[in-house]
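Read the structure below first, then the notes.
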DNA sequence: ATCCTGGCTT
DNA sequence: AAGCCTGGAT
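In the working numbering, the protein residues as written are 74 to 344.
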C-alpha cells in the first residue's frame, strides 16, 4: 500500500473544480428529484453497468407500476421480468425482486436499515449499499464507481492498477462532510460528461466480453420467448437455431440460477 | 470495437 | 483473480 495522500490544498482545489463543473453542467435525472430510499434502490439496481440514458425511461415506467417497496415485493416475478426486459443483465430483475421481499419480510420495509446489512440482499454489494445511503440519506460516507475511479486516477495521476482499498482511502479524504449526496452526484457528472473513458484512455476495472454471438445474447432471446409461453428445449432450439448441446448448457445454467424454471420437458419463467 | 453509477460464482 | 451476465449507443 502506497501513500497517495494529497495535501489539504490539493483536495480543496479538487473539490472546488468538481462543484464548479456541477453548477454549470448538472444533469436533471428522475432519481435526483427524490430521496425516497426505495426509488434510489431501484435506480441503483438499474444503473449497475448500464448507461444513464438507457435507464431513464425504465425507471419512470417502473415507478408508475410499483411506487413502493411492498407493491414490488408482492408482484409476480413474471411481470417484474417483463418490465425489465431490454435493460440487460436480467438476473438483476430477480435480485431486485428478491431483495424487496427480504426488505419487507425481515426489515419491516425499511430500506435504509436493510442496505446496511447488504449481505442479506441479493444484487447489492458494497458499492450499491453505500450509494443508496448517500443518495437517499446524504450519509457521510464515500463510494467509488467506475466514473469516480477514473476521475481519481486521472486527477491525481495514479496507476490504473491501484487497489480498491487505496482508492477508498483517497475517496474518504476528498469527501466534503455534510455534502455527500451533492459531491457524489457532481463526481458522477464530471466523470460521465467531461472526464470520459474515451477521453482519458483509462480502462474500466471490469471488462465486458463481446455481445454479438455470445451466450448472453442467447439468454436474452430465451427469456423473451419464455415470457410469451412455456416451451420445450426442442422448440427453443428450432426458434433460436443454436446447437442443441450449447443450448442445453445455457438452459441448465439458467435453471441453476433460477432465472428460468423447468417442469417435465417444458421451460418457463418462474412465478 | 469499446463503453456503461457492479455483483456473483468458481 | 478471473469469468460470467444484456443490450444499445458511440
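Quick reminder that beta carbons are idealized off the backbone N, C-alpha and C, glycines included.
This structure is a prediction, so every number in the text was calculated from the model and none was measured.
Since residue 335 sits in a beta bridge, which residues does DSSP pair it with? 340
Within its chain, find whatever has a CB closer than 6 Å to the CB of residue 153; leave out the 5 residues flanking it on each side and keep chain order. 166 and 170
By DSSP, does residue 126 sit in helix, in strand, or in coil? helix
Could you give the residue range of the alpha helix (DSSP H) that holds residue 292? 288–301
Tell whether a beta-carbon distance below 8 Å holds between residue 233 and residue 224. no
Say whether the segment 281–291 touches the segment 260–271, bearing in mind that this needs 3 or more beta-carbon pairs closer than 8 Å, one atom from each stretch. no
Straight-line CA distance for residue 334 to residue 175? 21 Å
Residue environment, residue 189, which counts as buried when at least 16 other CB atoms sit within 10 Å: exposed
Check whether the Cβ atoms of residue 208 and residue 113 sit closer than 8 Å, and answer yes or no. yes
For residue 156 and residue 182, what's the separation of their Cα atoms in angstroms? 22 Å
Residue 222 to residue 151 span [Cα, whole Å]: 36 Å
Taking the continuous alpha helix (DSSP H) assigned at residue 172, which residues delimit it? 164–180
Report yes or no: do three or more beta-carbon pairs, one from the segment 131–143 and one from the segment 297–304, lie closer than 8 Å? no
How many angstroms separate the CA atom of residue 238 from the CA atom of residue 245? 11 Å
Alpha carbon to alpha carbon, how far is residue 328 from residue 296? 12 Å
So, for residue 240: in the same chain, excluding its five sequence neighbours on each side, which residues have a beta-carbon less than 7 Å away from its beta-carbon? 217, 222 and 225
From what residue to what residue does the alpha helix (DSSP H) around residue 321 run? 317–330
Extent of the continuous alpha helix (DSSP H) run through residue 186: 184–188
Reduced DSSP category for residue 305 - H, G, I as helix; E, B as strand; rest coil: strand
What is the residue span of the alpha helix (DSSP H) that residue 208 lies within? 199–210
Between the Cα of residue 89 and those of 172, 212, 127 and 252, spot the shortest distance and give me the residue it belongs to. 252
CB-CB length for residue 173 against residue 180, believed under 8 Å: Their Cβ separation, rounded to whole angstroms, is 10 Å, which puts residue 173 and residue 180 out of contact at 8 Å.
Rounded straight-line distance, which links the Cα of residue 315 to that of residue 298: 14 Å
Identify whether residue 193 lies in helix, strand or coil by the three-state DSSP scheme. helix
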